[in-house]
Amino acid sequence: MIYLNKKLYLTNYTMILPSVAVGNVAQLSIDLLISTLSLRKIGCIFDTCFIPLVGADPYNKTNQEICTSVDLYLSDEKKLVVLQIRTPLVKKAKKFFYEILNFVKDYKILKVIILTSCFGHDKRDEQIRTVPFCYLTTKNISKEFKQQFEELSWKGLESSFLEDSNKTIWQIHGGGFAQMIFELLQENNIISVVLFKFCSEGNNIPDAVELINCLNCWLQLFKIDSKFKFPPSWNFVFGKSTPKEIY
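The opening position of the sequence shown corresponds to residue 26 in our numbering, with each subsequent residue numbered one higher.
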């Protein structure tokens with residue numbers, strides 16, 4: 026269920042959401058976006074498919090606002106709605122996907138961008154020689170967007186043909202639920218784009234920075250040479266430093 030703290034008018038806004046995927050790259054990217062653009066929280070989503078969470082504001086140490094498993098943020102200036110997911114899925118997320126779909130329809134949101142990541146070892150020959158990003162778009166994407174992607178040298182996700190079922194499919198290994206929610210949005214004629222980066226598990230902050238820079242080249246959310254504002258919660262990503270006493 027979606028809870029909002031005020032009445033909203035989101036016609037022609039863009040919605041960005043992460044998929045819980047390899048290296049948590051998309052979630053880190055959303056953190057960067059929220060912190061750098063100083064987005065304000067407008068609500069949250071309660072769904073039993075996510076592990077429950079309540080914590081302090083991850084973006085402002087002095088704020089009394091709390092965070093939950095799934096929160097919504099807004100920028101009226103950028104016409105942007107951003108969803109952040111902080112806990113993993115523990116159940117099937119079909120109900121959650123339909124909540125997102127209905128939210129997009131009810132508020133007449135223009136397009137949905139799904140950020141995710143894919144196992145680095147899953148690259149094909151052509152992908153090894155190009156930028157470490159790929160995208161997947163719905164069939165109703167505008168010619169303007171397609172031209173922009175070409176100008177940015179983005180590479181579309183290559184399809185695979187299954188002889189047994191005589192079907193052409195797209196696969197994002199390690200990409201979480203990105204493809205599932207993308208297919209639901211496509212079935213309902215919602216303009217959608219999946220943007221992902223090839224990566225491996227580890228310190229994935231650099232991957233998140235690169236993914237947001239890639240997204241920004243398209244959406245122009247901030248100046249290209251702008252410095253990112255890392256959220257204070259990132260100070261605890263790797264835990265405390267090793268005690269000197271053990272040496």
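Glycine is no exception: its CB is placed at the ideal position from the N, C-alpha and C atoms. Because the structure is a prediction, the values reported are computed rather than measured.
Starting from residue i, trace the alpha helix (DSSP H) both ways and give me its first and last residue.
i       : result
Ile-18  : Only positions 26 to 272 of the chain appear in the structure, and residue 18 is not among them; the question remains open.
Ala-81  : That residue, Ala-81, is in no alpha helix (DSSP H); its beta strand (DSSP E) goes 79-81.
Pro-231 : 230-244
Ile-206 : 203-212
Phe-174 : 168-176
Return the chain-ordered list of same chain residues with a C-beta closer than 6 Å to the C-beta of residue i, the five sequence neighbours on each side being excluded.
i       : result
Pro-257 : Lys-86
Phe-71  : Met-26
Glu-175 : none
Gly-145 : Phe-223, Cys-224 and Ser-225
Determine the extent of the beta strand (DSSP E) in which residue i is found, giving its start and end residues.
i       : result
Lys-222 : 216-224
Met-40  : 39-43
Gly-200 : Where Gly-200 is concerned, there is no enclosing beta strand (DSSP E), given that its DSSP letter is neither H nor E.
Ile-249 : Neither: Ile-249 is in no beta strand (DSSP E) and is coded neither H nor E.
Asp-96  : 95-100
Leu-29  : 27-29
Leu-161 : 158-162
Lys-66  : 65-70
Output needed for residue i: all residues of its chain with C-beta closer than 7 Å, excluding positions within five of it in sequence on either side, in chain order.
i       : result
Lys-222 : Val-50, Ser-142, Pro-157, Phe-158, Asp-232, Glu-235 and Leu-236
Leu-78  : Thr-93, Ser-94, Arg-111 and Thr-112
Thr-61  : Phe-247, Phe-253 and Lys-254
Ala-118 : Cys-74 and Phe-202
Ala-116 : Going by the sequence as given, residue 116 is Lys instead of Ala. Within the same chain, Lys-116 has close Cβ partners Thr-73 and Cys-74.
Asn-88  : Asp-82
Go through its chain and collect everything with a Cβ distance to residue i's Cβ below 8 Å, but skip five positions before and after it.
i       : result
Asp-96  : Lys-66, Gly-68, Cys-69, Ile-70, Leu-108, Gln-109 and Arg-111
Leu-64  : Leu-58, Tyr-98, Leu-99, Ser-100, Leu-105 and Val-107
Pro-268 : none
Ile-91  : Val-79, Gly-80, Ala-81 and Asp-82
Which whole-angstrom value is the C-beta distance of residue i and residue j, which I expect to be below 8 Å?
i       : j       : result
Leu-29  : Ile-139 : That belief does not hold up - the Cβ atoms of Leu-29 and Ile-139 are roughly 21 Å apart, past 8 Å.
Val-45  : Glu-226 : Not a contact, Cβ separation roughly 13 Å.
Tyr-114 : Phe-75  : Checking the displayed sequence, the identity of residue 114 turns out to be Leu instead of Tyr. Yes, they are in contact, since the Cβ atoms of Leu-114 and Phe-75 sit about 6 Å apart, within 8 Å.
Asn-165 : Asn-214 : 6 Å
Measuring alpha carbon to alpha carbon, tell me which residue in the options is nearest residue i.
i       : options                               : result
Asp-56  : Lys-254, Glu-270, Pro-268 and Tyr-272 : Lys-254
Lys-32  : Asp-82, Lys-120, Tyr-132 and Glu-102  : Tyr-132
Glu-208 : Leu-240, Leu-161, Ile-249 and Asn-229 : Leu-161
Cys-224 : Asn-37, Ala-203 and Gly-199           : Gly-199
Glu-102 : Tyr-38, Ile-271, Ala-203 and Trp-195  : Tyr-38
Gly-201 : Ala-81, Phe-122 and Asn-88            : Phe-122
Gln-211 : Asn-228, Ser-54, Lys-116 and Val-129  : Val-129
Met-205 : Glu-175, Lys-120 and Ser-266          : Lys-120
Ser-178 : Ile-125, Ile-249 and Trp-243          : Trp-243
Ile-216 : Gln-173, Val-137, Glu-124 and Leu-53  : Val-137
Asn-260 : Tyr-84, Leu-35, Gln-52 and Ile-91     : Tyr-84
Val-218 : Asn-228, Ser-251, Leu-182 and Ile-230 : Leu-182
Phe-263 : Ile-271, Asn-238, Asp-250 and Asn-229 : Asn-229
Gln-245 : Ser-266, Gln-173, Lys-265 and Tyr-34  : Gln-173
The ligand FAD and residue i: does the residue's C-beta get closer than 7 Å to at least one heavy atom of that ligand?
i       : result
Cys-159 : As for the ligand FAD, it is missing from this structure, which has no ligand bound.
Beta strand (DSSP E) runs wholly inside the region 105-145, at least 3 long, in chain order: For the region 105-145, the continuous beta strand (DSSP E) assignments of 3+ residues that do not extend past its boundaries occur at 105-110 and 136-144, in sequence order.
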